[in-house]
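One structure is given below, encoded as structure tokens.
Numbering (the numbering used here), first residue to last: 400 to 694.
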């Protein structure tokens, strides 16, 4: 009974903290002249692809899937930029005082700025940053600065799964604001939130395997167009069978539980995994089968 009460109090307190975080994001938006991301400013097609870095993204080599992707709305996550396919939206984050990944990301964007001139870049976790840390956005190529947005994140917190569920319930029933993106653990949750709130009918998970020692393929990926992209120094997964965000040793809730919970509020959207690999293949229909069965 006491633990239940503690979890309720945590959920309420964290919801207040996240609401204050929204205010902070809006203040930074004004100070740095960066707009906040609004879904209504995007036209979404029927299929919404979420592009992660797991091995299942090799399914995009399938000609039929590649053609469908080109006629869909897509969002890349983190270092998807090493791949040649250019998504409509892009999620990235600034890791506080650790500027390495942001500096590397900006270098690659600068090299590919002509290809990414129509992509909207959405920066998440802004509420966690100080003024000085946010100022590093100056490294972003000025030619694409008008494409930059701050994500209006509502952090559902960490801790027990019960705390997450309580906080998510409060968000849904009390802080039901338009354009606010509920998130927890990883970028996948933010991208999934966009898919759920968009007008797209289907959400397709690509490279969102949550498993495999080579999950960060950006380390080894060789672009067919760019042979000399600066290489990322991020190490591979410590465990070959599970992604860090889905490992309870690194905290709760698991990112898979977050996505499955969000799926309950999908407004009758169909959710697919790109192929039979990875965690979500056990829970969602396989998108690849649609093309196999249509032959």
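Positions of the beta carbon are idealized from the N, C-alpha and C atoms, including for glycine.
Is the beta carbon of residue i sitting closer than 9 Å to the one on residue j?
i, j, result
"residue 474", "residue 459", "no"
"residue 468", "residue 432", "no"
"residue 558", "residue 607", "no"
"residue 599", "residue 439", "no"
"residue 536", "residue 603", "no"
"residue 652", "residue 583", "yes"
"residue 563", "residue 660", "yes"
"residue 491", "residue 522", "yes"
"residue 641", "residue 610", "yes"
What is the rounded straight-line gap between the Cα of residue i and the Cα of residue j?
i, j, result
"residue 476", "residue 504", "12 Å"
"residue 646", "residue 579", "27 Å"
"residue 540", "residue 680", "38 Å"
"residue 419", "residue 561", "22 Å"
"residue 626", "residue 666", "43 Å"
"residue 404", "residue 496", "36 Å"
"residue 441", "residue 402", "43 Å"
"residue 632", "residue 671", "31 Å"
"residue 518", "residue 415", "33 Å"
"residue 451", "residue 400", "40 Å"
For residue i, does the count of other Cβ atoms within 10 angstroms reach 16, so buried, or fall short, so exposed?
i, result
"residue 429", "exposed"
"residue 573", "exposed"
"residue 546", "buried"
"residue 529", "exposed"
"residue 587", "buried"
"residue 568", "exposed"
"residue 422", "exposed"
"residue 449", "buried"
As a quick exercise: from the options, pick the residue whose alpha carbon is nearest that of residue i.
i, options, result
"residue 593", "540, 664, 566", "664"
"residue 453", "668, 656, 643", "643"
"residue 516", "682, 656, 626, 542", "542"
"residue 630", "497, 507, 570", "507"
"residue 534", "471, 509, 498, 628", "498"
"residue 510", "610, 480, 400, 472", "480"
"residue 701", "596, 662, 682, 426", "Because the chain is modelled from 400 through 694, residue 701 falls outside the range shown and cannot be assessed."
"residue 590", "457, 472, 532, 514", "472"
"residue 532", "570, 628, 427", "427"
"residue 411", "400, 571, 518", "571"
"residue 581", "448, 662, 518, 514", "662"
CB-CB under 8 Å to residue i, same chain, minus the five flanking residues each way: which ones, in chain order?
i, result
"residue 424", "435, 525, 526, 549, 550, 551, 552"
"residue 461", "687, 690"
"residue 669", "600, 601, 602, 684"
"residue 512", "540, 542, 543"
"residue 649", "643"
"residue 654", "583, 584, 585, 587, 588, 609, 642, 644, 645"
"residue 628", "481, 507, 510, 622"
Who are the near neighbours of residue i in its chain, counting only those whose CB is closer than 7 Å to its CB and skipping five residues on each side?
i, result
"residue 483", "622, 623, 624"
"residue 455", "605, 606, 608, 673, 674, 676, 677"
"residue 407", "565"
"residue 463", "690"
"residue 502", "538"
"residue 409", "558, 562"
"residue 500", "494"
"residue 656", "560"
"residue 514", "485"
Take residue i and list the residues in its own chain whose beta-carbon comes closer than 6 Å to its own, dropping the five residues that flank it on each side.
i, result
"residue 465", "459"
"residue 417", "553, 554"
"residue 556", "413, 566"
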